[in-house]
Structures are given as structure tokens and as C-alpha cells.
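Asker:
This is the structure in C-alpha cells:
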């Protein structure tokens, strides 16, 4: 391998000499291994992530995420759909499904990294995570509203 090739490889976000393990996109896309659920929003199929997927990227359990919501440390998701109880096929509905967009998950992951709440299960109550998460959710909701209004005006 030439020096030029070595220098080029050094600029890549992954180790070119490493043996492939897992999903090679994981380094480029932290959400690559997560499951999405498609829901129709205004007639358009839209991918969402469940609370379990949010919990995975934050290194927590879904009940911890629910607790953060109850304490006000994490805003409740803007998309909530009726759920079904997987343990009871006869159940018409059971609870509700908390759903997050890709932008929510990437934003929360970035905030968690900035506030160091991923390492050693640091306490989010002692960080700026709650304030930054509320701002993220507000900004995303404002952007959605502005986009919907723009679409409505163009029709």
C-alpha cells in the first residue's frame, strides 16, 4: 500500500484494515440497527421509532425513559398512537405507543453525548439534558408546523 493510500484511509471514519463485524453502517448511522414502524401521517407513510429503540441508543430501559417523562426530564413524544397488548390477542387497545422521529433520536443521542449521560449511567437530573431535550422537541415541533403551513399555502 502506498503512502498516499494510507493517508486517504486515515481520513475515513472507519478502520479499513479491520475485519467486518456487525453492521458496517453503524459507525456512520447510529440508528442503522434500530427497527422503525411505519405510520400514516396525513396520508403519508412515515417511519417512527418506539420507546424501546430510544432506550437502546441511550443505554437505558424503556421504563427508565417513561420515568424521565413522568419527572419532566424528557418531553412526551409528539406522536402517540393507540397500542395493542401483544400478550392478549383479544385486546382491542392497550396503552399507547410513544413514537419518535429520526430527528428526535439523533438529537437526543447528541445531547446525551454532550451532557455525558451515556457514560456510567450518569444522572440526567444533574445535567442540562432535560433543558436541551425540551428545546429540541420544541424546535422540531416548530419546524413541523412551519413545514405544514408552507405546504398548505402552496396548495
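Residue numbers (my numbering): 2 to 156.
Each residue gets a CB set at the ideal place from its N, CA and C atoms; glycine is no exception.
From a predicted model like this one, the values you see are computed outputs, not experimental measurements.
1. Taking a contact to mean a Cβ-Cβ separation below 9 Å, would you say residue 142 touches residue 112 in this structure?
2. Could you tell me whether the Cβ atoms of residue 97 and residue 76 are closer together than 9 Å?
3. Once DSSP output is grouped into helix, strand and coil, what is the label at residue 147?
4. Can you give me the start and stop residues for the beta strand (DSSP E) that residue 47 sits inside?
5. For the beta strand (DSSP E) that residue 62 lies in, which residues bound it at each end?
6. By a C-beta neighbour count over all protein chains shown, 10 Å radius and 16 as the cutoff for buried, is residue 45 buried or exposed?
7. Mapping the DSSP letters down to three states, classify residue 83 as helix, strand or coil.
Answerer: So, from the listed chains and residues:
1. Counting from one through the chain shown, the residue named residue 142 turns up at place 141. Counting from one through the chain shown, the residue named residue 112 turns up at place 111. Here residue 142 is not near residue 112, since their CB atoms are 9 Å or more apart.
2. Translated into the one-based positions of the chain shown, residue 97 becomes position 96. Translated into the one-based positions of the chain shown, residue 76 becomes position 75. Taking 9 Å as the cut-off, the beta carbon of residue 97 is found no closer than this to the beta carbon of residue 76.
3. Against the chain shown, residue 147 aligns to sequence position 146. Per DSSP, reduced to three states, the secondary structure at residue 147 is helical.
4. What you label residue 47 is simply residue 46 of the chain shown in a count that begins at 1. Counting along the chain, the beta strand (DSSP E) containing residue 47 begins and ends at 45-51.
5. For the purposes of this step, residue 62 is taken as residue 61 along the chain shown, with counting starting at 1. For residue 62, no beta strand (DSSP E) segment is defined, and its DSSP state is neither H nor E.
6. As a working note, residue 45 is residue 44 in the chain shown. Residue 45 sits exposed, since fewer than 16 C-beta atoms from the chains shown fall within 10 Å of its C-beta.
7. Start at 1 with the first residue of the chain shown, and residue 83 comes out as number 82. If DSSP states are grouped into helix, strand and coil, residue 83 belongs with the strands.
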